[in-house]
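Novice:
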Amino acid sequence: MHPDSQISATLVCWGNAWLTGQVGLDEAVDRVERRGGPQLVATGTGDTGLRGFLADLRMDGMKSLRLALPVPGDPLGLTGPPPFNSAAIEAGQAAIAVFPDRCVGLVPASDRRGSSYAGVRWSALAASANAPDVPSLAEAEHALTMAMRTATDTLLGLGGPAQGHPRPRDADDGLAPGYPARAHRVAALAARLAAVLRVADDRGLTSGQIAARGAALRDLDRAVRRARVAAHHAITELV
66 MHPDSQISAT LVCWGNAWLT GQVGLDEAVD RVERRGGPQL VATGTGDTGL RGFLADLRMD
126 GMKSLRLALP VPGDPLGLTG PPPFNSAAIE AGQAAIAVFP DRCVGLVPAS DRRGSSYAGV
186 RWSALAASAN APDVPSLAEA EHALTMAMRT ATDTLLGLGG PAQGHPRPRD ADDGLAPGYP
246 ARAHRVAALA ARLAAVLRVA DDRGLTSGQI AARGAALRDL DRAVRRARVA AHHAITELV
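Using this note's numbering, read the sequence shown as starting at 66 and increasing by one per residue.
#1: Tell me, please, which residues DSSP counts as bridged to G114.
#2: Look up P148 in the DSSP assignment and say whether it is helix, strand or coil.
#3: Would DSSP call D176 helix, strand or coil?
#4: Under a Cβ-count criterion, where at least 16 other Cβ atoms within 10 Å of its own Cβ denotes burial, should A281 be classed as buried or exposed?
#5: Buried or exposed for T144, going by 16 or more other Cβ atoms inside 10 Å?
#6: Out of R287, A292 and Y244, which one is the CA nearest neighbour of L82?
#7: Cutting at 8 Å between CB atoms, please list the residues of its own chain near L262, excluding the five before and the five after it.
#8: DSSP state of G80, grouped into three classes?
#9: Compute the Euclidean distance between the alpha carbons of A277 and N195, then round it to the nearest angstrom.
#10: If you drop the 5 nearest sequence neighbours on each side, which residues of the same chain put their C-beta closer than 8 Å to that of L130?
#11: Thinking C-beta only, is F149 closer than 8 Å to A216?
#12: Measure the CB-CB distance between P200 and R291 and report whether it falls below 8 Å.
#13: Confirm, please, whether the CB-CB distance from S188 to A107 is below 8 Å.
#14: Are the beta-carbon atoms belonging to G183 and A156 less than 8 Å from one another?
#15: Could you say which of A153, I154, R186 and A299 lies nearest to G111 if we only look at CA atoms?
#16: For G86, write down the residues that DSSP places opposite it in a beta bridge.
#17: Report the option in M124, L221 and A93 whose CA atom is closest to the CA atom of I275.
#18: By the 10 Å Cβ neighbour count, where 16 or more other Cβ atoms means buried, how is R96 classified, buried or exposed?
#19: So the candidates are P242, L258, V169 and V94; which of them puts its Cα closest to the Cα of A133?
#20: Run the CB neighbour count on A252, radius 10 Å, all protein chains shown included, and call it buried at 16 or more, exposed below.
#21: For the alpha helix (DSSP H) that S272 lies in, which residues bound it at each end?
#22: For L134, does the three-state DSSP call read helix, strand or coil?
#23: Which residues in the same chain as A93 place their Cβ atom closer than 7 Å to its Cβ, once the five residues preceding and following it in sequence are excluded?
#24: What does V185 pair with, by DSSP beta-bridge criteria?
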């Protein structure tokens, strides 16, 4: 899955909106398919549609969905086991269905068939029921604000030639109905900063400037990922 894909975040927020009674299952799945195309889930008996798969999970006692946005060296949102962690880190994302006594990890991959079919195929893997070490929304907002200030100070102090990048447009926060206002605010800021990270480059900088800039942007990326995870979990704190 391309690291810029938001499909796991979309599944988590609209799935949680459905589980908390904010929207129906049809609307939730339609929103996910609007983002990524047709959605299938690979199971032990073959591929099944996302709508039916989610309905079955709820019948089995699914309480919520969690978001994982891991990178090598920072398995954000993951608690094991190794097969699930490895698949999620390779994809750069995962959704985790939470039950009272277990979890099911869902890892997306691009599903292309022929010249016209483009969708997403999820792999369902056993996931640990342990709670992940992720920040609260308040903690994530504070860390994101501080990382943004630090990165801004560092980048402004580097100098170097002007690079002429266009200013990123305001980004959609991506959240579904039912999320608190603070979650929308944090998710929107994280989306804007993620856009900044995507357009940044090292043209015209010295090796020392590149190292300083890289450290600042890594810290900012870490804060952005934590803010997105916290924002997408915020609806479950209300129930």
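Glycine residues also receive a C-beta, built at the ideal position from the N, C-alpha and C atoms.
All values reported here derive from a predicted model rather than from experimental measurement.
Specialist: Well, looking at it:
#1: On the sequence shown, residue 114 is found 49 positions in, with the first residue counted as 1. In the DSSP output, where bridge partners are listed per residue, G114 has L105.
#2: Position 83 of the sequence shown, counted from the first residue, corresponds to residue 148. P148: helix per DSSP, three-state reduction.
#3: Residue 176 sits at position 111 when you count from the first residue of the sequence shown. D176 falls in the strand class under three-state DSSP.
#4: By 1-based counting over the sequence shown, the position of residue 281 is 216. Label assigned to A281: buried.
#5: By one-based count along the sequence shown, residue 144 stands at place 79. With 16 or more other Cβ atoms within 10 Å, it is buried.
#6: To locate residue 82, count along the sequence shown from 1; it is residue 17. This sequence places Ala at residue 82; Leu is not what is there. Minimum Cα distance to A82 is reached at Y244.
#7: Indexing the sequence shown from 1 puts residue 262 at position 197. Within the same chain, L262 has close Cβ partners L282, L285, D286 and V289.
#8: Taking the sequence shown and counting its residues from 1, one reaches residue 80 at position 15. Looking at G80 - three-state DSSP - the assignment turns out to be helix.
#9: What you label residue 277 is simply residue 212 of the sequence shown in a count that begins at 1. What you label residue 195 is simply residue 130 of the sequence shown in a count that begins at 1. Rounded to whole angstroms, A277 to N195 spans 36 Å at the Cα level.
#10: Translated into the one-based positions of the sequence shown, residue 130 becomes position 65. Contacts found: L76, V77, G80, N81, L84, A160, I161, A162 and V163.
#11: The residue given as residue 216 occupies position 151 in the sequence shown. The residue given as residue 149 occupies position 84 in the sequence shown. No.
#12: Position 135 of the sequence shown holds residue 200. Position 226 of the sequence shown holds residue 291. A contact, by the Cβ cut-off of 8 Å.
#13: Indexing the sequence shown from 1 puts residue 107 at position 42. Indexing the sequence shown from 1 puts residue 188 at position 123. Their beta carbons are under 8 Å apart, which means A107 touches S188 by this criterion.
#14: Numbered from 1 along the sequence shown, position 118 holds the residue referred to as residue 183. Numbered from 1 along the sequence shown, position 91 holds the residue referred to as residue 156. The question names Gly, but residue 183 in the sequence shown is Ala. Against a cut-off of 8 Å, the Cβ pair of A156 and A183 comes out as no contact.
#15: Counting from 1 along the sequence shown, the entry for residue 111 is found at position 46. For G111, the nearest C-alpha among the options comes from R186.
#16: The residue labelled residue 86 in the question sits at position 21 within the sequence shown. According to DSSP, G86 bridges with nothing at all.
#17: Counting from 1 along the sequence shown, the entry for residue 275 is found at position 210. Cα-wise, what sits closest to I275 is L221.
#18: The residue you call residue 96 lines up with position 31 of the sequence shown. With 16 or more Cβ atoms within 10 Å of its Cβ, R96 is classed as buried.
#19: Residue mapping note: residue 133 aligns to position 68 of the sequence shown, counting from 1. Comparing Cα-Cα distances from A133 to each of P242, L258, V169 and V94, the minimum goes to V169.
#20: Within the sequence shown, numbered from 1, the residue matching residue 252 stands at position 187. That one is buried.
#21: Taking the sequence shown and counting its residues from 1, one reaches residue 272 at position 207. S272 to H298 is the span of the alpha helix (DSSP H), which, as asked, contains S272.
#22: Position 69 of the sequence shown, counting from 1, holds the residue named residue 134. Note: L134 maps to coil in three-state DSSP.
#23: Along the sequence shown, read from residue 1 onward, the residue named residue 93 stands at position 28. Excluding residues within five positions, the ones whose Cβ falls inside 7 Å are W79, G80, A82 and W83.
#24: For the purposes of this step, residue 185 is taken as the residue at position 120 of the sequence shown. Q104 and S175, per the DSSP bridge assignment.
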